[in-house]
Amino acid sequence: MPLTHHPHAAPEELPALAQGAESGFLGTVEEKINAIFDPIATGLGDFVFGEVSLFGISFPWIVAWLVLAGAVFTLYFGFIQVRGLRLALQILRGRHSRKDDPGEITHFQALTSAVSGTVGLGNIAGVGVAVTIGGAGATFWMVLCGLLGMCSKFVECTLGVRYRDHHPDGTVSGGPMQYLRKGVAERLPGSSGRFLGRALAALAAVMILLFGIGGGNMFQANQTVIQIRDITGGDDGPLAGDGSALALGVLLALVVGFVIIGGIKSIGRVTSRLVPAMAIVYVTGCLIVILFNVTDVPAAFGEIFRGAFTGEGVVGGTIGALIVGFTRAAFSNEAGLGSAPIAHSAVKTRYPATEGLVALLEPFIDTVVVCTMTALTIVIADTQLWNDAKADYAANGNTVDGVTVTSSAFETVLPWFPVILTVAVVLFAVSTMITWAYYGQKAWSHLFGRSKLSERVYQTVFCTFIVIGAVLTFGSVLAFTDAVLFLLALINIIGLYLLAPVVKRELARFRTALRSPEERDREPAGQSGGPESADQTS
Numbered sequence: 067m068p069l070t071h072h073p074h075a076a077p078e079e080l081p082a083l084a085q086g087a088e089s090g091f092l093g094t095v096e097e098k099i100n101a102i103f104d105p106i107a108t109g110l111g112d113f114v115f116g117e118v119s120l121f122g123i124s125f126p127w128i129v130a131w132l133v134l135a136g137a138v139f140t141l142y143f144g145f146i147q148v149r150g151l152r153l154a155l156q157i158l159r160g161r162h163s164r165k166d167d168p169g170e171i172t173h174f175q176a177l178t179s180a181v182s183g184t185v186g187l188g189n190i191a192g193v194g195v196a197v198t199i200g201g202a203g204a205t206f207w208m209v210l211c212g213l214l215g216m217c218s219k220f221v222e223c224t225l226g227v228r229y230r231d232h233h234p235d236g237t238v239s240g241g242p243m244q245y246l247r248k249g250v251a252e253r254l255p256g257s258s259g260r261f262l263g264r265a266l267a268a269l270a271a272v273m274i275l276l277f278g279i280g281g282g283n284m285f286q287a288n289q290t291v292i293q294i295r296d297i298t299g300g301d302d303g304p305l306a307g308d309g310s311a312l313a314l315g316v317l318l319a320l321v322v323g324f325v326i327i328g329g330i331k332s333i334g335r336v337t338s339r340l341v342p343a344m345a346i347v348y349v350t351g352c353l354i355v356i357l358f359n360v361t362d363v364p365a366a367f368g369e370i371f372r373g374a375f376t377g378e379g380v381v382g383g384t385i386g387a388l389i390v391g392f393t394r395a396a397f398s399n400e401a402g403l404g405s406a407p408i409a410h411s412a413v414k415t416r417y418p419a420t421e422g423l424v425a426l427l428e429p430f431i432d433t434v435v436v437c438t439m440t441a442l443t444i445v446i447a448d449t450q451l452w453n454d455a456k457a458d459y460a461a462n463g464n465t466v467d468g469v470t471v472t473s474s475a476f477e478t479v480l481p482w483f484p485v486i487l488t489v490a491v492v493l494f495a496v497s498t499m500i501t502w503a504y505y506g507q508k509a510w511s512h513l514f515g516r517s518k519l520s521e522r523v524y525q526t527v528f529c530t531f532i533v534i535g536a537v538l539t540f541g542s543v544l545a546f547t548d549a550v551l552f553l554l555a556l557i558n559i560i561g562l563y564l565l566a567p568v569v570k571r572e573l574a575r576f577r578t579a580l581r582s583p584e585e586r587d588r589e590p591a592g593q594s595g596g597p598e599s600a601d602q603t604s
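Numbering (our numbering), first residue to last: 67 to 604.
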């Protein structure tokens, strides 16, 4: 059963899951577990990804919920994603940081850790599907949605640092578990506010933990096995069969386990090298194709803008292109889901707004830069393929594999690049597992307490499920966990609306500090991001 939804890719661009065990004990186990989860996954998926109609075009209501939040926060914070971009880049370079700032990792490491959990199939395959369904104009709306998502990331990551917990061993914990628990109680005084905050935080932890083991782990391992098999000959190659899948699963588990056992500092060191390397390879490939066809660039941009407003897409004109673009972007950058603040909260800073500003760069990199480069590559290099795919969709409703569209575009100039693209997809999967291992660990600690033994138990469970995911599919389980993660967006964004005034105060406090060097050198009294006032519990 193919995976229904995934934060890195909408349904149409998801590749099939690897074949699970067909017979024997493992096959029986897989069949029974899928039978249990199938009605649950179907029911929850129908609710979370249920569709509403706009001008005759259907799209998931959760997409509208995410896009609306980005638009509201953009207006409330006065287009901070534009006004604060230069300052964000300065902070990323360490200009406003001090060595004694509380936290564990640098702004750059926090950003790359979060990006490693979002960049993936949605950026490579999602654009291909968006172009073939909505026309080149869908790219414009995809970029616009990414720009709106920058503000959602700013809000949730500022709150992640503002309400994070500092522990005696120097580590920190932040994310929706903390800002929902403490922030809601702060905004709604009394026992009812405390109860609601704790309940929402517990729900958030459960949702993150479930997805971490499903979509952020088993699915990634499954896709890694598929990609490695493909480049080594497929079902006829030396790595076909359950034995090779098991061996690859064990190898992946060892690699991921080696990284995550060192905590966020180890993850930050790895992702700060891995993510830029992946981005450089991929963007360089795009630039080569674009430069090879540089005379067609103006026409390609013209096609994107013309298609965005004149309705050249095949799913309802301008509105159809808008919805396709928004859907792909919403499934790509995780803005508003509440996952990224967990990584960003580990940053070294005494001003929460600094990391909020850095975090707004994440959807810019993920959706605006990478997706635009992919779209230009497809529109310029392989006009015949995506136009044929668009016509086929219009006539027969057939959706082309998004990875195929993107890969074919590269192949027009770089015949060997599809191999590099396959390797990149594998690296994206591994980096996603590493980041989601950390997210899941923070959720686990919130539910079961912080101790070395508890963390080792979680890490063992997580790595065990990597091996399971490599061998078995559990399609219904993965569909269930995907729906659970997007359900988190419902309660997370309600919390963001409630706590938006807190973010505005934090931004004002940081801007005041920038104008007053004396204030920057003094730890403000009662500042929740500082170690003195932090809650020492998880």
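Just so it is clear, CB atoms sit at the ideal spot from N, CA and C, and this is done for glycine as well.
| Asked | Found |
| --- | --- |
| Opposite F514 in the DSSP bridges: which residues? | For F514, which the question treats as bridged, DSSP gives no partner whatsoever. |
| Given 8 Å as the limit, is there contact between the segment 437-445 and the segment 310-328, that is, 3 or more CB pairs closer than that? | no |
| Taking DSSP as the reference, what is the three-state secondary structure of H233? | coil |
| Quick check on the burial criterion: 16 or more other C-beta atoms within 10 angstroms. Buried or exposed for S257? | exposed |
| Near P484, which residues of its chain fall below 7 Å by C-beta distance, leaving aside the five closest residues on each side in sequence? | S473, F476, E477 |
| Less than 8 Å between the C-beta atoms of L246 and G561, yes or no? | yes |
| Which residue's Cα is closest to the Cα of I408: M243, A196, F125? | M243 |
| In the DSSP assignment, find the unbroken alpha helix (DSSP H) run with V479 in it and report its ends. | Run containing V479: none; DSSP gives neither H nor E here. |
| Give the range of the alpha helix (DSSP H) segment to which H162 is assigned. | First-last for H162: undefined, no H or E at that position. |
| I99: which of A549, E572, S542 sits nearest, CA to CA? | S542 |
| My assumption, with CB atoms under 8 Å, is that A419 sits in contact with F576. Please give the rounded CB distance. | 4 Å |
| Report yes or no: do three or more beta-carbon pairs, one from the segment 504-521 and one from the segment 273-287, lie closer than 8 Å? | yes |
| Do you know whose CA, among D548, V533, L553, lies nearest A311's CA? | V533 |
| Give the C-beta separation of V114 and L553 to the nearest angstrom, bearing in mind that I take them to be a contact with Cβ-Cβ under 8 Å. | 5 Å |
| Within 10 angstroms of the Cβ of S582, are there 16 or more other Cβ atoms? Answer buried if so, exposed if not. | exposed |
| So A366 and V445 are in contact, right, with Cβ under 8 Å, and what is the actual spacing, rounded? | 4 Å |
| Check each candidate in S239, V435, A268, R230 and name the one with the smallest Cα separation from T205. | V435 |
| So what's V185 in DSSP terms, helix, strand or just coil? | coil |
| Rounded to a whole number of angstroms, what is the C-alpha to C-alpha distance between M208 and S517? | 43 Å |
| Can you tell me the Cα-Cα spacing of K570 and A406, whole angstroms? | 20 Å |
| Which residue's Cα is closest to the Cα of P429: A412, N283, F392, S411? | F392 |
| Take A555 and list the residues in its own chain whose beta-carbon comes closer than 8 Å to its own, dropping the five residues that flank it on each side. | I128, W131, L132, G402, L403, G404 |
| Taking A107 as the reference, which of L551, G200, L564 has the closest Cα? | L551 |
| Give the single residue among A270, R260, V221 whose Cα lies nearest to the Cα of Q147. | V221 |
| Secondary structure at F143, three-state DSSP: helix, strand or coil? | coil |
| Under 8 Å by Cβ, that's how I've got L158 and A549 pegged, so tell me the actual separation to the nearest angstrom. | At roughly 34 Å, the Cβ-Cβ gap does not stay under 8 Å, so L158 and A549 are not in contact. |
| Are A137 and L214 closer than 8 Å when you measure CB to CB? | yes |
| How far does the alpha helix (DSSP H) with K331 in it reach, from first residue to last? | 329-358 |
| Is S239 helix, strand or coil by DSSP? | strand |
| Please state whether DSSP places E117 in a helix, a strand or coil. | strand |
| With DSSP as the reference, please indicate the residues paired to F531 in a beta bridge. | Answer by DSSP bridge pairing: none, since F531 is not bridged. |
| With DSSP collapsed to three states, give me the class of P255. | coil |
| Assign T184 to buried or exposed, taking buried as 16 or more other Cβ atoms, counted over all protein chains shown, within 10 Å of its Cβ. | buried |
| Quick one: what's V434 bridged to in DSSP? | DSSP lists no partner for V434. |
| Would you say the segment 234-242 touches the segment 152-166, given that touching needs at least three Cβ pairs under 8 Å? | no |
| Mapping the DSSP letters down to three states, classify S520 as helix, strand or coil. | helix |
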